[in-house]
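Top to bottom, those sequences are chains A and B.
So that you can map any letter, position 272 of the first sequence is 271 in numbering that gives the first Met the number 0, and since no number is skipped, the others follow by simple counting.
So that you can map any letter, position 213 of the second sequence is 212 in numbering that gives the first Met the number 0, and since no number is skipped, the others follow by simple counting.
Cβ coordinates follow ideal geometry from the N, Cα and C atoms, glycine included.
Since the structure comes first, as structure tokens, the remarks are kept for the end.
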Amino acid sequence: MAEAALAQDSADLMLSVNNIEVVYDEVILVLRGVSLDVPKGALVTLLGPNGAGKSTTLKAISGLLGTEDGEVTRGDVIYNGVNIANGSPEKVVRDGIFQVMEGRRIIEDMTVIENLRLGAYTRKDSAARIKEDIEKVFHYFPRLKERTGLAGYLSGGEQQMLAIGRSIMSAPKMILLDEPSMGLSPLLVKEVFEIIRTLNKELGITMLLVEQNANMALKHCDYGYIMESGKIVMDGTREELLNNEDVKEFYLGGGGEERKSFKNLKSYKRRKRWL
Amino acid sequence: MNWDLLTQLLMNGLIIGALYGVVAMCFVLIYKSTQIVNFAQGEFLLIGAWVCWWFLTTWELPFVVGFLFTLAFMTVFGIVLQTVVLRPMIGEPIISVIMVTIGLSLFFQAAMKWIFGVNVQPFPKVFDVQTIEVFGMQIQTAYVMSLFISLFIMIGFAWFFKSSKHGLAMRATAFDQQVAQSLGISVKNVFAMAWAISAVVSAVAGIVIGIVNGVSDSLAFIGIKVFPAVILGGLDSIIGAIVGGVIIGLLENFAEYADGQWFQVGNMYTIAPFYVLVIILMIKPYGLFGTKDIERV
Numbered sequence: 000m001a002e003a004a005l006a007q008d009s010a011d012l013m014l015s016v017n018n019i020e021v022v023y024d025e026v027i028l029v030l031r032g033v034s035l036d037v038p039k040g041a042l043v044t045l046l047g048p049n050g051a052g053k054s055t056t057l058k059a060i061s062g063l064l065g066t067e068d069g070e071v072t073r074g075d076v077i078y079n080g081v082n083i084a085n086g087s088p089e090k091v092v093r094d095g096i097f098q099v100m101e102g103r104r105i106i107e108d109m110t111v112i113e114n115l116r117l118g119a120y121t122r123k124d125s126a127a128r129i130k131e132d133i134e135k136v137f138h139y140f141p142r143l144k145e146r147t148g149l150a151g152y153l154s155g156g157e158q159q160m161l162a163i164g165r166s167i168m169s170a171p172k173m174i175l176l177d178e179p180s181m182g183l184s185p186l187l188v189k190e191v192f193e194i195i196r197t198l199n200k201e202l203g204i205t206m207l208l209v210e211q212n213a214n215m216a217l218k219h220c221d222y223g224y225i226m227e228s229g230k231i232v233m234d235g236t237r238e239e240l241l242n243n244e245d246v247k248e249f250y251l252g253g254g255g256e257e258r259k260s261f262k263n264l265k266s267y268k269r270r271k272r273w274l
Numbered sequence: 000m001n002w003d004l005l006t007q008l009l010m011n012g013l014i015i016g017a018l019y020g021v022v023a024m025c026f027v028l029i030y031k032s033t034q035i036v037n038f039a040q041g042e043f044l045l046i047g048a049w050v051c052w053w054f055l056t057t058w059e060l061p062f063v064v065g066f067l068f069t070l071a072f073m074t075v076f077g078i079v080l081q082t083v084v085l086r087p088m089i090g091e092p093i094i095s096v097i098m099v100t101i102g103l104s105l106f107f108q109a110a111m112k113w114i115f116g117v118n119v120q121p122f123p124k125v126f127d128v129q130t131i132e133v134f135g136m137q138i139q140t141a142y143v144m145s146l147f148i149s150l151f152i153m154i155g156f157a158w159f160f161k162s163s164k165h166g167l168a169m170r171a172t173a174f175d176q177q178v179a180q181s182l183g184i185s186v187k188n189v190f191a192m193a194w195a196i197s198a199v200v201s202a203v204a205g206i207v208i209g210i211v212n213g214v215s216d217s218l219a220f221i222g223i224k225v226f227p228a229v230i231l232g233g234l235d236s237i238i239g240a241i242v243g244g245v246i247i248g249l250l251e252n253f254a255e256y257a258d259g260q261w262f263q264v265g266n267m268y269t270i271a272p273f274y275v276l277v278i279i280l281m282i283k284p285y286g287l288f289g290t291k292d293i294e295r296v
């Protein structure tokens, strides 16, 4: 009975990270047993403070860890039933997982169109099909179409849009988004998140989103994980997390009334005991 | 002033300069995509020319066939060289990699001497007409061909980097290797491709010069001549490499003219480019077209 339920479960899972440990330079233990599941078509978010290991988790999935002397030393990353832990990034992209790295990382000395064409590097489709898809990206990001110069001269928001547009050019099944809100104005953050949600819904691309901007991320996600110092400390659906007192207090701001005196600040410290 | 001589020399300068430009492009290609300063660039010309000469004399193949075989050989040679010798050097300090390429340069020069001897060997006759007249100047047929080949290669490079998928991948790798990998580009393949293209195109230049001057050790010296061209153009600019190459070609021929007419010191032809190298490094170390970082305002 339980097994049947599990099988049913794993059929709907796109990605399942099971208890992975990641070590950098063969000595620095960064992830200490992280597990998370991403169902097909979902938008899952991974929240947490700086240095919690969120980006490392994404790189462990996309295989980019290898470029930074990191390695998954325990556990596995199951994608569509296959373990892809420590796989090469090229193969992971070919298999349909595309990581949009932190800080946009577009190719500054190329034009918008050249950047988009590079997104389709692993595809074997004809030039006409790729051109069609470029138009599709312009449909979602109309303002990119007007920009004919080098991508390095785009504004921060436009660069982020280009980075996301480039990722959908690879015709991915899943996108790993690393802090799309970084360095953007609140209005732009809103716009970018709305587009992410639209892409998730309309194109059916599964998304795993790493964020510091917990308000925005929780507003748009289906399911969330919270990570601290290399471990998942809490998880739940959107509503569960939004209504959780601790999440409200530590990640969303606001919360209870007890912040008024220093005395209470101590109890505030003590309360962070979900570990 | 002896105008006839001057125009003749400048014409030569343009043609040889275009060849320098082509070799400089190959040098820049490797530098840009793999960050390796390839001191063995001149040896690519040497090997290409000797291999082609060998196909034409020992095997007595027709020129076109031998030429194509040489290109095929150089492709394999470039890939093998990258995979066997330079791939293990990835991540090592830059000075170690430079020592390796200097070592390769010495090794190949010695190997070519060992295999093919130390004498200048003339190419079998490739063209029926040795020289043709252009605007009243006598120009070697091989040089006319070389000018067309250089132009063809330059247009090919422009197309490759602007429009082809692999050219874009190479530019992406040059810009940021991690980003390239995140796009699904295999950096190792890009490196191998850069070396292969560089070896093939250099070999073409080597063959052209070999047809005119005969094949000998001095071909490797082109690899050294290319340094002033590359530094003048900017170490990481393909356009700069072409412009630098042409300027150096013109300059050394003009230096020869000036030397012959006025100074009479001898050997200006060889030395002038290196004066330029020193001056450029003093006043404009990034060259004419060297990278300027994009800054958003």
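Can you find a C-beta in chain A that's less than 8 Å from the C-beta of residue i?
i	result
Gln40 of chain B	no
Arg86 of chain B	no
Phe174 of chain B	yes
Ile184 of chain B	yes
Ser215 of chain B	no
Val178 of chain B	yes
Ala168 of chain B	yes
Lys164 of chain B	yes
Ser299 of chain B	The first residue shown for chain B is 0 and the last is 296, placing residue 299 of chain B beyond what the model contains.
Ala193 of chain B	no
Ala240 of chain B	no
Glu91 of chain B	no
Ala157 of chain B	no
Ala48 of chain B	no
Gly257 of chain B	Checking the sequence shown, residue 257 of chain B turns out to be Ala, not Gly. Cβ-Cβ to chain A under 8 Å: no for Ala257 of chain B.
Ala171 of chain B	yes
Per the DSSP calculation, residue i is bridged to which residue(s)?
i	result
Asn82 of chain A	A:Ile77
Gln139 of chain B	B:Thr130
Met226 of chain A	A:Ile231
Val302 of chain A	Since the first and last residues shown for chain A are 0 and 274, residue 302 of chain A lies out of range.
Thr69 of chain B	Paired residue(s): none; Thr69 of chain B is not in a bridge.
Asp177 of chain A	A:Val209
Gly252 of chain A	DSSP lists no partner for Gly252 of chain A.
Thr110 of chain A	A:Leu149
Phe97 of chain A	A:Ile174
Leu42 of chain A	A:Met206
Gln120 of chain B	B:Val214
Compare the C-beta of residue i with all C-beta atoms of chain B and state if any pair is closer than 8 Å.
i	result
Ser169 of chain A	yes
Val209 of chain A	no
Glu2 of chain A	Low per-residue confidence applies at Glu2 of chain A: pLDDT is 43, beneath 50, and the placement is therefore not dependable enough to give any value.
Leu5 of chain A	Legend: pLDDT at Leu5 of chain A = 45, less than 50; position of this residue unreliable, no value from coordinates given.
Ile19 of chain A	no
Ile195 of chain A	no
Arg269 of chain A	Caution is warranted here: a pLDDT of 49 is assigned to Arg269 of chain A, below 50, making its placement in the model unreliable, and no coordinate value can be reported.
Quick one, which of the options has its alpha-carbon nearest residue i's?
i	options	result
Glu107 of chain A	B:Asp175, B:Gly65, B:Gln81, B:Glu91	B:Asp175
Thr130 of chain B	B:Ser197, B:Val211, B:Met111, B:Ile196	B:Val211
Ile19 of chain A	A:Val29, A:Asn114, A:Gly203	A:Val29
Trp301 of chain B	B:Val79, B:Met111, B:Gly90	The shown model of chain B, from 0 to 296, leaves out residue 301 of chain B, and the question about it has no answer.
Met226 of chain A	A:Glu70, A:Val43, A:Val33	A:Val33
Asn17 of chain A	A:Ala84, A:Ser125, A:Leu42	A:Ala84
Thr82 of chain B	B:Lys187, B:Phe115, B:Gln180	B:Lys187
Gly239 of chain B	B:Ala157, B:Ile14, B:Lys112	B:Ala157
Met168 of chain A	A:Arg116, A:Val92, A:Thr66	A:Arg116
Tyr139 of chain A	A:Thr121, A:Glu248, A:Ile163	A:Ile163
Ser149 of chain B	B:Thr290, B:Asp3, B:Ala17	B:Ala17
Quiz item: Of all the residues that make up the region 98-124 of chain A, which are near chain B by a beta-carbon distance shorter than 7 Å?
Solution: Gln98, Met100, Arg104, Ile106, Glu107, Asp108, Met109, Glu113, Arg116, Leu117, Gly118, Tyr120, Thr121
Quiz item: If you pair each beta-carbon of the region 79-87 of chain B with each one of the region 217-230 of chain B, do three or more pairs fall below 8 Å?
Solution: no
Practice problem: Indicate whether the contact test is met: 3 or more Cβ pairs, each with one atom in the region 4-24 of chain B and one in the region 160-168 of chain B, closer than 8 Å. | Solution: no
Quiz item: Are at least three pairs of beta-carbons, each pair with one atom in the region 84-98 of chain A and one in the region 170-179 of chain A, less than 8 Å apart?
Solution: Segment contact: the region 84-98 of chain A against the region 170-179 of chain A, three or more CB-CB distances shorter than 8 Å; contact assigned.
Exercise. Please name the residues in the region 84-99 of chain A whose beta-carbon is closer than 9 Å to at least one beta-carbon of chain B, in chain order.
Key: Ser87, Pro88, Glu89, Lys90, Val91, Val92, Arg93, Phe97, Gln98, Val99
Quiz prompt | Short-range partners of chain B found in the region 52-77 of chain A, where Cβ spacing is below 9 Å | solution = Ser61, Gly62, Leu63, Gly65, Thr66, Glu67
Practice problem: Count the CB pairs spanning the region 188-206 of chain B and the region 42-50 of chain B that are closer than 8 Å, and state whether there are at least three. | Solution: Under the three-pair Cβ rule at 8 Å, the region 188-206 of chain B counts as touching the region 42-50 of chain B.
Practice problem: May I ask you to verify whether the region 237-254 of chain A touches the region 73-92 of chain A, counting CB pairs closer than 8 Å and requiring at least 3? | Solution: no
Quiz item: Does the region 149-163 of chain A touch the region 107-117 of chain A, meaning 3 or more C-beta pairs lie closer than 8 Å?
Solution: yes
Quiz item: Should the region 204-212 of chain A be regarded as contacting the region 35-44 of chain A, the criterion being three or more beta carbon pairs within less than 8 Å?
Solution: The region 204-212 of chain A, when compared against the region 35-44 of chain A, does touch it at the 8 Å Cβ threshold.
Quiz item: Along the region 241-255 of chain B, what residues have a CB closer than 9 Å to any CB found in chain A?
Solution: none
Quiz item: With a cut-off of 8 Å, do at least 3 Cβ pairs link the region 215-223 of chain A to the region 184-194 of chain A?
Solution: Yes: at least three Cβ pairs fall under 8 Å.
Quiz item: So, do the region 230-244 of chain B and the region 14-29 of chain B have three or more beta carbon pairs nearer to each other than 8 Å?
Solution: Yes: at least three Cβ pairs fall under 8 Å.
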